[in-house]
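K.L.:
Handing you a structure now.
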Amino acid sequence: MERAIAPTAPRSRRQFLAAATMTAGLVLGACTSRQTTHDRVVGPSAGAVGQAEARRRRPGAPVREVTLTAAPVTVDLAGRTVTTWAYNDAVPGPIVRLRAGEVLRARLDNRLPEPTTIHWHGVALRNDMDGAPDMTQPPVRPGGRFTYEFTVPDPGTYWFHPHVGLQLDRGLYGPLLIDDPAEPGGYDREQVIVLDDWTDGIGPSPQQLQARLAAQGGMMGQGGMMGQAGPGTSPVLGGSGGQIDYPAYLLNGRPPADPPTIQGRPGQRLRLRVINAAAETAFRLALGGHRLTVTHSDGLPVAPVMVDALVVGMGERYDAVITLGDGVFPLVAVAEGKQGQALGVVRTAGGARPAAAARPGELDGRLLGLGELRADPRVALPARRPDRTHRVVLSGGMMDARWTINGRTFDDAIPLQVREGERVRLVLANQSMMFHPVHLHGHSFQVQTRAGSEVGPRKDTVIVRPMEQFAVDLLASNPGQWMLHCHNLYHQQAGMMTTLSYVV
Ligand code: C2O
Ligand code: CU
Numbered sequence: 126m127e128r129a130i131a132p133t134a135p136r137s138r139r140q141f142l143a144a145a146t147m148t149a150g151l152v153l154g155a156c157t158s159r160q161t162t163h164d165r166v167v168g169p170s171a172g173a174v175g176q177a178e179a180r181r182r183r184p185g186a187p188v189r190e191v192t193l194t195a196a197p198v199t200v201d202l203a204g205r206t207v208t209t210w211a212y213n214d215a216v217p218g219p220i221v222r223l224r225a226g227e228v229l230r231a232r233l234d235n236r237l238p239e240p241t242t243i244h245w246h247g248v249a250l251r252n253d254m255d256g257a258p259d260m261t262q263p264p265v266r267p268g269g270r271f272t273y274e275f276t277v278p279d280p281g282t283y284w285f286h287p288h289v290g291l292q293l294d295r296g297l298y299g300p301l302l303i304d305d306p307a308e309p310g311g312y313d314r315e316q317v318i319v320l321d322d323w324t325d326g327i328g329p330s331p332q333q334l335q336a337r338l339a340a341q342g343g344m345m346g347q348g349g350m351m352g353q354a355g356p357g358t359s360p361v362l363g364g365s366g367g368q369i370d371y372p373a374y375l376l377n378g379r380p381p382a383d384p385p386t387i388q389g390r391p392g393q394r395l396r397l398r399v400i401n402a403a404a405e406t407a408f409r410l411a412l413g414g415h416r417l418t419v420t421h422s423d424g425l426p427v428a429p430v431m432v433d434a435l436v437v438g439m440g441e442r443y444d445a446v447i448t449l450g451d452g453v454f455p456l457v458a459v460a461e462g463k464q465g466q467a468l469g470v471v472r473t474a475g476g477a478r479p480a481a482a483a484r485p486g487e488l489d490g491r492l493l494g495l496g497e498l499r500a501d502p503r504v505a506l507p508a509r510r511p512d513r514t515h516r517v518v519l520s521g522g523m524m525d526a527r528w529t530i531n532g533r534t535f536d537d538a539i540p541l542q543v544r545e546g547e548r549v550r551l552v553l554a555n556q557s558m559m560f561h562p563v564h565l566h567g568h569s570f571q572v573q574t575r576a577g578s579e580v581g582p583r584k585d586t587v588i589v590r591p592m593e594q595f596a597v598d599l600l601a602s603n604p605g606q607w608m609l610h611c612h613n614l615y616h617q618q619a620g621m622m623t624t625l626s627y628v629v
């Protein structure tokens, strides 16, 4: 089953998907001048994908089984009964937890009225289990089932969510924790913190929000100054905080009027695993009366940095350790550049709980900067010149509501080709007036810091601010077809997505 395409013809997404999903050995024309003709796309069912998995899999590795049922549910939001979609009747969904090197076997039972998939955000897994609809698998139909099975290679804080339509802006998300068999410890207890912006059932539906954004056109059409459209602005995000003011912000599924409590004892070291599962909101997180020692970014260790507050973009995770004081403290996640916040309560003593609108001074204290993070030597990429560089230009949102990568929406994106074994540099260049948390599936790259240092943090999602440009490097060691997109769900759905495409 081979079909040649003229080398000069840009490949449409549809042609490309057909190639990637149907066969591993389809002959395609090259699409960049650096390519010779007849590169073969390494599709999700290619032998190389199975070989990469075989290298990860230990004989006799334990298999952990979980069933995730995606279905409509009712949840209680501070006394309001809200209908939404969730996994296993809970928002967030269940914590899926296993050790690095083990195999996750997760059965998805789709009881939604729409097709869906599950994407395992941040995990360097086998390509055919990545949950990218029409790219690595056909979406699972209503009433249908699909079993995901893959080795989890790296310890860390990850999460899972659907990758179809606007489903992520409902309650479909959950933590995926991968424990380190050689965990160095340094903490006494831990707490997962999942942040979300919430509209389902209490505000416009995600579809209405999307339609509203489309009708508004771009930022030029919103009557505001460039970069100042939407709810508000944030110096940290370099402009607009977003285009949607959500009616609520949740911490572990609870609004500030009914915050979850995290218990501990004075002097204990608490590890927070913070996950931003929001569709359109970055959060600024701080704990009143405490400093945070940041230990991991997007699951992987960094040289510890002590700060008062940190900004977490959509899709990003940070782990931080805190030495608990004596008392009752607000754990606040402010919707950065918007109105409102999410709240938790950290309690080591009796006493009244903090007000829903508590704003601890730490929020305005020392803020974590991306440029000060350094990958732990255990996970740093070896210094090496890139074999290949791709520019990833982020733009759009001005005259109309389309968002693009390299001037194209995902419909007709030209894949970024790589070959297995290459050191690949992606130069992320934001030429728009909004920040974009850029996420790459199946890999974690290393940020080349603004100072040009090669030892920035390993991450899989990174905020690129308006008019900012920097490089991230990765080792192309996980063959397949991988989405690269903005983790602002509305930008992604409006086109800001492309493919990192392995070829041979
Ligand atoms: Cu959490 Cu394609 O993303
Ligand atoms: Cu974006």
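Mapping the sequence shown onto the working numbering, position 205 (from 1) lands on 330, and the numbers just tick up by one. Yeah, the Cβ is synthetic: ideal placement off N, Cα and C, and Gly gets one too. Being a predicted model, the structure only gives us computed values, none of them experimental.
(1) Return the residue from the list 376, 300, 294 that minimises the CA-CA distance to residue 328.
(2) If contacts are defined as beta-carbon pairs under 8 Å, then residue 586 and residue 550 qualify, I think. What distance do you get, rounded to the angstrom?
(3) Please check the pair residue 560 and residue 590, which I expect to be a contact at CB under 8 Å, by giving their CB distance rounded to whole angstroms.
(4) How many angstroms separate the CA atom of residue 305 from the CA atom of residue 223?
(5) Does the ligand CU have a heavy atom nearer than 6 Å to the CB of residue 621?
(6) Taking the alpha-carbon positions, what's the residue 212 to residue 442 distance?
(7) Tell me, please, whether the CB atom of residue 337 is closer than 7 Å to any CB atom in chain D?
(8) Is it true that the CB of residue 562 sits closer than 7 Å to the CB of residue 612?
(9) Hey, out of 405, 509, 415, 487, whose CA is closest to residue 473's CA?
(10) Indicate, with yes or no, if the ligand CU has a heavy atom lying under 6 Å from the CB of residue 613.
(11) Taking the Cβ atom as the reference point for each residue, do residue 326 and residue 208 lie within a distance shorter than 7 Å?
(12) Which full runs of the beta strand (DSSP E) of 3+ residues lie inside the stretch 362-445, going along the chain?
(13) Taking C-alpha atoms, which residue in 401, 594, 367 lies nearest to residue 217?
(14) Within the continuous beta strand (DSSP E) that includes residue 331, where are the two ends?
(15) Check each candidate in 319, 311, 292 and name the one with the smallest Cα separation from residue 300.
(16) For residue 276 versus residue 180, is the C-beta distance shorter than 7 Å?
(17) Given that a residue counts as buried once 16 or more other Cβ atoms are within 10 Å of its Cβ, and exposed if not, what is residue 512?
(18) What separation, rounded to the nearest whole angstrom, lies between the Cα atoms of residue 175 and residue 519?
(19) Under the three-state reduction of DSSP, which class applies to residue 180: helix, strand or coil?
(20) Would a C-beta distance cut-off of 7 Å place residue 447 and residue 405 closer than the cut-off?
(21) So is residue 149 buried or exposed if we call it buried at 16+ other beta carbons inside 10 Å?
(22) Might you give, ordered along the chain, the residues of its own chain that have their beta carbon closer than 7 Å to the beta carbon of residue 455, omitting 5 neighbours on each side?
(23) Run through DSSP, which three-state label would residue 629 get?
(24) Please determine, among 462, 523, 499, the residue with the shortest C-alpha to C-alpha distance to residue 360.
(25) DSSP state of residue 452, grouped into three classes?
(26) Taking the C-alpha atoms as reference points, what is the distance between residue 234 and residue 490?
(27) Tell me the residue span of the alpha helix (DSSP H) that contains residue 312.
(28) Nearest by alpha-carbon distance to residue 380: which of 445, 168, 466, 583 is it?
(29) Below 7 Å between beta carbons: does that hold for residue 289 and residue 324?
(30) Within the chosen definition, does the stretch 490-499 reach the stretch 420-438 through at least 3 CB pairs nearer than 8 Å?
(31) Pull the bridge partners of residue 559 from the DSSP assignment, please.
(32) Which first and last residues belong to the alpha helix (DSSP H) in which residue 615 is found?
(33) Under a criterion of Cβ closer than 6 Å to any non-hydrogen atom of the ligand C2O, which residues qualify, in chain order?
(34) Just the Cα atoms here: how many angstroms apart are residue 499 and residue 420?
(35) Please report how far the alpha carbon of residue 583 lies from the alpha carbon of residue 282, in whole angstroms.
(36) Does residue 190 pass the burial test, meaning 16 or more other C-beta atoms within 10 Å, or should it be called exposed?
P.N.:
Based on what the coordinates show:
(1) 294
(2) Not quite, the Cβ-Cβ distance comes to about 18 Å (not below 8 Å), so this is no contact.
(3) 5 Å
(4) 9 Å
(5) yes
(6) 20 Å
(7) Considering every chain present, this structure includes no chain D. It has just one protein chain.
(8) yes
(9) 415
(10) yes
(11) yes
(12) 373-376, 386-388, 394-401, 408-412, 417-422, 425-432, 435-437
(13) 401
(14) Unbroken run through residue 331 is the alpha helix (DSSP H), 331-341; no beta strand (DSSP E).
(15) 319
(16) no
(17) exposed
(18) 33 Å
(19) helix
(20) no
(21) Low per-residue confidence applies at residue 149: pLDDT is 38, beneath 50, and the placement is therefore not dependable enough to give any value.
(22) 413, 468, 470, 479, 483, 485
(23) coil
(24) 462
(25) coil
(26) 45 Å
(27) Careful: residue 312 lies outside any alpha helix (DSSP H) and carries neither H nor E.
(28) 466
(29) no
(30) yes
(31) 365
(32) 614-618
(33) 244, 246, 286, 288, 440, 564, 566, 608, 610, 612
(34) 10 Å
(35) 13 Å
(36) exposed
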